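Chains as they are written, first to last, in my numbering: chain A, 93 to 291; chain B, 93 to 291.
No residue lacks a Cβ here, since even glycine has one placed at the ideal position from N, Cα and C.
Since the model is a prediction, treat every value here as computed from it, not as a measurement.
Worksheet: the structure to be examined is printed underneath.
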């Protein structure tokens, strides 16, 4: 596999989707893997753009057939990454972004230890709670659940390669984009290139 | 030491200085370590900005007193990095850039294996030769010597962390800047930060 796999992850409500959308629009030759979910669609979200929205039965059939690279149940809903497009893109040499929760990221790391794992964190847990309340998509109890998870999830940070503190959006987008540009310059196996340059 | 040490290096004539100047102007909190040299000053170069221009006797005294982090004789001239400012900046938490030749970079790597080593390469050796001729600061024989060295130096690439092919200047500057931004996001020891975020 010659493409790079970027996995962006972090607590719920931290702004992963916005970051990912901005970066996919700015960086060439980067494929975004659309996740499947059984959660209901939020205002503004589009089928086949933000997620593939599936019913639980369909999701469980795909899961049983091993069609997910990773899957997780988060806050009562299923989320999963379809395996085939990711593997095909990487084989074709495209870089791929997954935007997934922390449980899912740790699963992907088992299969793709060479992946580049980026943790998006809030400037503080207080800010996170404020954002979840302002987003207004969750009820009080669900916010409490998400906050408890966020506390636990912060401990996974050492399984990641990079940390982006999402304070100012523009700065966070620049950091994410820079990580991709830099990783593309990283020396892995450039033997072919050296051969070419000799002529 | 808490600052990051970036070492930018590559064959003579590849455009290291231009790249470094552009990036130092764009990136905040980045200290550039000015090298000492015994070579003669080129048009446009300024004492204490581009280099400290020393006579051979002064250089050799400093060398004997261990005042250089690295030094090298390249194409008949001495080059060296004064040790003290670099160590002080790193201790104070500043990130530092060294722009040095490949021999020097390999010496620095022995003392600072945690440094970030960036190799700047020409799109091809033919392009490099063309640039050296256009720069018009060297005679025919010296160009031949530089080209022979460049051939050998390309083999050191696997001691480096990143490769920037300097084809389009703007793109190369963006890559260099991105490497710095990304390395600042890299997870090394962020335990302090996690403690802070918990509150």
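Distance, residue j Cα to residue i Cα
| i | j | result |
| --- | --- | --- |
| residue 158 (chain B) | residue 182 (chain A) | 50 Å |
| residue 189 (chain A) | residue 248 (chain B) | 32 Å |
| residue 274 (chain A) | residue 226 (chain B) | 30 Å |
| residue 168 (chain B) | residue 127 (chain B) | 16 Å |
| residue 199 (chain B) | residue 253 (chain B) | 15 Å |
| residue 280 (chain B) | residue 240 (chain B) | 39 Å |
| residue 133 (chain B) | residue 145 (chain B) | 7 Å |
| residue 177 (chain B) | residue 110 (chain B) | 22 Å |
| residue 135 (chain A) | residue 202 (chain A) | 34 Å |
| residue 216 (chain B) | residue 172 (chain A) | 44 Å |
| residue 119 (chain A) | residue 267 (chain A) | 12 Å |
| residue 284 (chain B) | residue 121 (chain B) | The predicted model places residue 284 (chain B) with a pLDDT of 48, which falls under 50 and marks its position as unreliable; any figure quoted below should be read in that light. In a straight line, the C-alpha of residue 284 (chain B) is about 21 Å away from that of residue 121 (chain B). |
| residue 222 (chain A) | residue 191 (chain A) | 22 Å |
| residue 160 (chain A) | residue 220 (chain B) | 48 Å |
| residue 264 (chain A) | residue 150 (chain A) | 36 Å |
| residue 231 (chain B) | residue 180 (chain B) | 39 Å |
| residue 130 (chain A) | residue 185 (chain A) | 31 Å |
| residue 278 (chain A) | residue 152 (chain B) | 37 Å |
| residue 148 (chain A) | residue 137 (chain A) | 19 Å |
| residue 113 (chain A) | residue 162 (chain A) | 21 Å |
| residue 174 (chain B) | residue 139 (chain B) | 15 Å |
| residue 228 (chain A) | residue 218 (chain A) | 16 Å |
| residue 108 (chain A) | residue 261 (chain A) | 11 Å |
Chain-ordered neighbours of residue i on chain B, where CB pairs are closer than 9 Å
| i | result |
| --- | --- |
| residue 197 (chain A) | Correct list: empty, because the minimum Cβ distance to chain B is about 13 Å. |
| residue 295 (chain A) | Nothing can be reported for residue 295 (chain A), as the shown portion of chain A is limited to 93 through 291. |
Closer than 7 Å at the beta carbon, the chain B residues around residue i
| i | result |
| --- | --- |
| residue 266 (chain A) | 273 |
Limits of the alpha helix (DSSP H) - the one that residue i falls within
| i | result |
| --- | --- |
| residue 273 (chain A) | 261-277 |
| residue 229 (chain B) | Premise fails: residue 229 (chain B) is in no alpha helix (DSSP H) and is neither H nor E. |
Residues of its chain near residue i, where Cβ-Cβ distance is below 8 Å and the 5 sequence neighbours each way are ignored
| i | result |
| --- | --- |
| residue 245 (chain A) | 102, 103 and 194 |
| residue 213 (chain A) | 102, 103, 106, 246, 249, 255, 256, 257 and 258 |
| residue 276 (chain A) | 96 and 187 |
| residue 82 (chain A) | Because chain A is modelled from 93 through 291, residue 82 (chain A) falls outside the range shown and cannot be assessed. |
| residue 115 (chain A) | 122, 189, 265, 268, 269 and 272 |
| residue 141 (chain A) | 126 |
| residue 291 (chain B) | With a pLDDT of only 43 at residue 291 (chain B), under the threshold of 50, the placement of this residue in the model should not be trusted, and no figure is reported. |
Interface partners of residue i on chain A, CB under 9 Å
| i | result |
| --- | --- |
| residue 120 (chain B) | None at all; the shortest Cβ gap to chain A is about 11 Å. |
Beta strand (DSSP E) segment containing residue i, residue limits
| i | result |
| --- | --- |
| residue 174 (chain B) | 169-174 |
| residue 39 (chain B) | Only positions 93 to 291 of chain B appear in the structure, and residue 39 (chain B) is not among them; the question remains open. |
| residue 254 (chain A) | 254-257 |
Residues near residue i in its chain [Cβ-Cβ closer than 6 Å; skip 5 each side]
| i | result |
| --- | --- |
| residue 204 (chain B) | 97 |
| residue 187 (chain B) | 95, 96 and 122 |
| residue 117 (chain A) | none |
Neighbourhood of residue i by C-beta, 7 Å cutoff - its chain only, sequence neighbours within 5 removed
| i | result |
| --- | --- |
| residue 164 (chain A) | 171, 193, 195 and 196 |
| residue 236 (chain B) | none |
| residue 224 (chain A) | 105, 230, 235 and 238 |
What residue ranges within the segment 110-163 of chain B form continuous alpha helix (DSSP H) runs of no fewer than 4 residues, ordered along the chain? 148-156
Within the segment 181-222 of chain B, note down every full alpha helix (DSSP H) run reaching 4 residues or more, in order along the chain. 194-203
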